[in-house]
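Chains as they are written, first to last, in my numbering: chain L, 1 to 339; chain X, 1 to 339.
Heads up, the beta-carbon is just placed ideally off N, CA and C, and yes, glycines get one too.
Reading through the structure tokens given below for one structure.
2 protein chains.
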Amino acid sequence: MAVKRVGNQTVILQKPPIILESASIAGKKEGEGPLADYFDMILEDDLFGEKTWEKAESRLIREVLLKVIDKACLSYSDINYVISGDLLNQCIAASFGVRESQIPFFGVYGACSTMAESISLGSMIIDGGFADHIVCMTSSHFCSAEKQFRFPLEMGSQRPPTAQWTVTGAGAVLLSSDISGIGITKITTGYIADKGIKDANNMGAAMAPATAATIVAHFKDTGLQPDYYDMIITGDLGKFGGELCCSMVENEGYKIKDRYKDCGVLIYDLEKQDVACGGSGCGCSAVVLTSYLYQLLKEGFIKRILFVATGALLSTTSSQQGESILGIAHAVSVERIGI
Amino acid sequence: MAVKRVGNQTVILQKPPIILESASIAGKKEGEGPLADYFDMILEDDLFGEKTWEKAESRLIREVLLKVIDKACLSYSDINYVISGDLLNQCIAASFGVRESQIPFFGVYGACSTMAESISLGSMIIDGGFADHIVCMTSSHFCSAEKQFRFPLEMGSQRPPTAQWTVTGAGAVLLSSDISGIGITKITTGYIADKGIKDANNMGAAMAPATAATIVAHFKDTGLQPDYYDMIITGDLGKFGGELCCSMVENEGYKIKDRYKDCGVLIYDLEKQDVACGGSGCGCSAVVLTSYLYQLLKEGFIKRILFVATGALLSTTSSQQGESILGIAHAVSVERIGI
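Okay, here's the thing in structure tokens:
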């Protein structure tokens, strides 16, 4: 059998699963940002016709699932698995979002690393020959996240410069066993890192060490250098977290600054949109991957990216125990194959 | 390539991953029940030397991970992935439990279906050739669960006869690419079912329809009859939920009553231990599988079981939206192979 594992954290896919289609739905504020033209749909109102923010977030999942299946000219019954999760307690956006579908469901929780986690699992399942079509998706919602993790919105509490703005949006990819297109070629799975950060308004710092560790592991495991990729893009480290991560990676001997981007920085106009150091939330990397990045790859403007979704495992329950915010990051190589 | 998928929900593993070792830790009350002799460790006190119940639950995960690795004479660095999740908000028992390990981590959320979900994913990853050793594990804790999902323990609120008692405990299996032993041969992945149940003290009813659907799908997909298995065992439907599930399966033409068991009924003495209709929680099916069932299989008293972990995706956040409790169940065939 061909070598499927390299190093401690990386696997090489032998028949890289293809992103057959992607779909993205973005909130109103995200629709006023620089990536607006790339989204499949922009909400006029973040309640999305529902009575609560949580129900709106579930609807984001339901609609983005329908959209990605529809774009691929398939139906629910063609999908072997859905792999999804979100930030809400017990991942209710995902579970309520898929409840009508009757698609076999694997719930995952990786905080904002969810998009890369679900793609990692989905890709191994397809490459292993167990499925032909898997939808991997996630969501976040500014209002439901602030309510659950920080302060009531009605308080209008001030945000420090290290704060991030939870993206309202959902992104889905439909992975398939096709042989050409935009493929998932390598997966580097991260481990949990704890650097003792306790400030829910400084999540970039909580995630940066785990992210740097995953990026460095990817290069060590594969023997590749950063210039193999046209872009190395993290999920939602934000401006400060991104700079910290770059420095940490460069300290290990890998120069990535010239091709480094962060979805949280790309999705908003940081000068004008009052989002402090950028976007966050599971939806952040998910909507950027499924809109802007997928489009760039499809049109050939870039050929290979290392997509590193970054999670801060923030929980009020663990904060109440005096615990810190754990970080984790998973990387997937997304490349043009045979096109 | 051999047929790996049969029907809509089932996959057949070509080189069935082997449960190289299992480990179980049970709480004090569980240690006073009928399965006491099978547990690797029984807590003297449910705080387990920690200051809070949540920290005690994280410690259950940490210790059961150490124990299963130790029993297999391996170390952290031999494990390719940990797949784990739990009931606490943002799955903090799992994430804090593994934080020192530096093992690549996939967080999952399937409520009490977690043990079968993690084994399903782990088995496909190993059979796909991506890993040699994966630990799949989960936990629950009576006190942290009651506090999060129902009422403060100090209230001493009365429990109706349909209530279940969340198991304090954790179970882990170490899956390997070995070729003989107790193997995972087939996986039937469930979908989310919603029958409108809203009572957090009647979770058996919330889970029974999803469970029956998964069991029926398993037989339809594989063409097997119930007598293929020595035991068909659900996770935590409890007494009433189990009876309901059996009837629903039998209505579809599969007679399972003579070989049907439920982990939630086995783990306590329902007459004497004041647990209403039985145990529940992710830990319930996890500790029964990793102690009693594994032992029975290893010693050859039984040769094949269908293990169906059953999840009620209970969340206070969704209950606050007026939503019902969703159910899901995943089945894995566990069989003696080459021994």
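Quick one: using the 10 Å Cβ neighbour count with 16 as the cut-off for buried, is residue i buried or exposed?
{"i": "X:G338", "result": "exposed"}
{"i": "X:I182", "result": "buried"}
{"i": "X:F301", "result": "exposed"}
{"i": "X:C112", "result": "buried"}
{"i": "X:E30", "result": "buried"}
{"i": "L:G171", "result": "buried"}
{"i": "L:Q164", "result": "buried"}
{"i": "L:E271", "result": "exposed"}
{"i": "X:Q320", "result": "exposed"}
{"i": "X:G238", "result": "buried"}
{"i": "X:C284", "result": "buried"}
{"i": "X:N89", "result": "buried"}
{"i": "X:I18", "result": "buried"}
{"i": "L:Q225", "result": "exposed"}
{"i": "L:G253", "result": "exposed"}
{"i": "X:A36", "result": "exposed"}
{"i": "L:S333", "result": "buried"}
For residue i versus residue j, is the C-beta spacing smaller than 8 Å?
{"i": "X:L289", "j": "X:M137", "result": "no"}
{"i": "X:C245", "j": "X:A208", "result": "yes"}
{"i": "X:L326", "j": "X:L313", "result": "yes"}
{"i": "L:Q140", "j": "L:D199", "result": "Strictly speaking, residue 140 of chain L in this sequence is Ser, with Gln absent from that position. Not in contact: L:S140 and L:D199 (Cβ atoms no closer than 8 Å)."}
{"i": "L:S118", "j": "L:S84", "result": "yes"}
{"i": "L:F39", "j": "L:S280", "result": "no"}
{"i": "L:D230", "j": "L:R304", "result": "yes"}
{"i": "X:V275", "j": "X:G242", "result": "no"}
{"i": "X:V108", "j": "X:I267", "result": "no"}
{"i": "X:F307", "j": "X:I233", "result": "yes"}
{"i": "L:D46", "j": "L:F142", "result": "yes"}
{"i": "X:S123", "j": "X:L175", "result": "yes"}
{"i": "L:T185", "j": "L:A217", "result": "no"}
{"i": "L:N201", "j": "L:P152", "result": "no"}
{"i": "L:V68", "j": "L:S22", "result": "yes"}
{"i": "X:S77", "j": "X:D132", "result": "no"}
Which one or two residues does DSSP pair with residue i in a beta bridge?
{"i": "L:S84", "result": "L:G107, L:M137"}
{"i": "L:V173", "result": "L:S22, L:C136"}
{"i": "X:V6", "result": "X:T10"}
{"i": "X:H330", "result": "X:A309"}
{"i": "X:E335", "result": "X:G183, X:R304"}
{"i": "X:I42", "result": "X:A26"}
So, helix, strand or coil for residue i, using DSSP?
{"i": "L:I343", "result": "With chain L covering 1 to 339 only, the question about residue 343 of chain L has no answer from this structure."}
{"i": "L:F307", "result": "strand"}
{"i": "X:T262", "result": "A small correction: the amino acid at residue 262 of chain X is Asp; Thr does not occupy that position in the sequence shown. The answer is strand: DSSP assigns X:D262 an E or B state."}
{"i": "L:R59", "result": "helix"}
{"i": "X:V64", "result": "helix"}
{"i": "X:G33", "result": "coil"}
{"i": "L:A205", "result": "helix"}
{"i": "L:M280", "result": "One point to set straight first is that residue 280 of chain L is Ser, not Met, in the sequence displayed. Of the three classes helix, strand and coil, the one that applies to L:S280 here is strand, per DSSP."}
{"i": "L:T168", "result": "coil"}
{"i": "X:F142", "result": "helix"}
{"i": "X:L224", "result": "coil"}
{"i": "X:S101", "result": "coil"}
{"i": "L:D199", "result": "coil"}
{"i": "X:D178", "result": "coil"}
{"i": "X:S285", "result": "helix"}
{"i": "L:L270", "result": "coil"}
{"i": "L:I79", "result": "coil"}
{"i": "X:V216", "result": "helix"}
{"i": "X:T211", "result": "helix"}
{"i": "L:F149", "result": "helix"}
{"i": "X:K255", "result": "coil"}
Starting from residue i, follow the beta strand (DSSP E) in both directions and report where the run begins and ends.
{"i": "L:G241", "result": "Element bounds for L:G241: not the beta strand (DSSP E) but the alpha helix (DSSP H), 238 to 251."}
{"i": "L:I92", "result": "Looking at the DSSP string, L:I92 is not in any beta strand (DSSP E); the run it does join, the alpha helix (DSSP H), is 92 to 97."}
{"i": "L:T52", "result": "Unbroken run through L:T52: none, as it is neither H nor E."}
{"i": "X:M231", "result": "231 to 234"}
Could you give the residue range of the alpha helix (DSSP H) that holds residue i?
{"i": "X:T316", "result": "316 to 320"}
{"i": "X:I119", "result": "114 to 127"}
{"i": "L:C73", "result": "First-last for L:C73: undefined, no H or E at that position."}
{"i": "X:K298", "result": "294 to 298"}
Relative to the ligand HEM, is the shortest distance from any of its heavy atoms to the C-beta of residue i smaller than 7 Å?
{"i": "X:K195", "result": "Because no ligand of any kind appears in the structure shown, any question about the ligand HEM cannot be addressed here."}
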